[in-house]
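Read the structure below first, then the notes.
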Amino acid sequence: MRISPKMKKAINDQIAMEYGASSTYMAMASWCEVTGYHGGASYFYAQSTEERDHMLKFVKYLNDIGATATIPTVKAPASSYKSLEGLIKTALKNEQAVTKAIHKIVDLAHKEKDHCSYAFLEWFVNEQVQEETKFEDLLQKFDLIGRDKLAINEIDKILASQAGATDSAA
């Protein structure tokens, strides 16, 4: 099967975005771990793995259709954050950027009548709804529970409980 050079570039760009997200979540996990947020560390390690798995889906798709996947280098992500809440806000912004990028590729597939790519991308469209909702829900916890030490400890426990759910969802 052939895809257009424009579609191939868009998917390769998405590979880079997913790889960057995986690296960012790994850095977030590391920050959580050394800061004492062990639930956050587990959660973001799982998120990093999930984003890497997403990257692999794109790589395998290109390979399966006879196109060439490009494995990029990515710039080093931030390694320090001011707060757990700030870190989660950054993660939500990242997911919103990924959603926007996926939607652009879907629009391109529709415009080019690339039904195969369109069908492939449908899973990612649905996945991004879940991804954004996870982080929005976590941020809502700060408003519901608070931002004092006990509240943040409780949110860290919530992250720990969701880490296993993230592992099984990927």
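Per our numbering, numbering through the sequence shown is continuous, rising by one, with the last residue being 1035. Where is the CB? At the ideal position from N, CA and C, for every residue including glycine. The model shown is predicted, which means the values in this text are computed figures rather than measured ones.
The DSSP-derived three-state label of T998 is helix. Spanning the alpha carbons of F989 and K1022 requires a straight line of approximately 28 Å. Taking a contact as a CB-CB distance under 8 Å, the pair Y884 and V963 does not count as one, their CB atoms being some 12 Å apart.
Put simply, the backbone Cα of H980 is about 30 Å away from that of S913.
Taking the C-beta atoms as reference points, K871 is found no nearer than 9 Å to E987. For V939, the three-state secondary structure derived from DSSP is coil.
According to the DSSP assignment, T964 belongs to the alpha helix (DSSP H) that extends over 949 to 976. Per DSSP, the continuous alpha helix (DSSP H) segment holding T889 begins and ends at 870 to 900. In terms of CA proximity to S948, R1012 leads the group R1012, T889, F985. DSSP places G904 inside the alpha helix (DSSP H), whose first and last residues are 903 to 929. Ranked by Cα distance from R867, the options F909, N877, S945, I930 are led by I930. By the Cβ neighbour-count rule, I936 is exposed, with fewer than 16 other Cβ atoms within 10 Å of its own.
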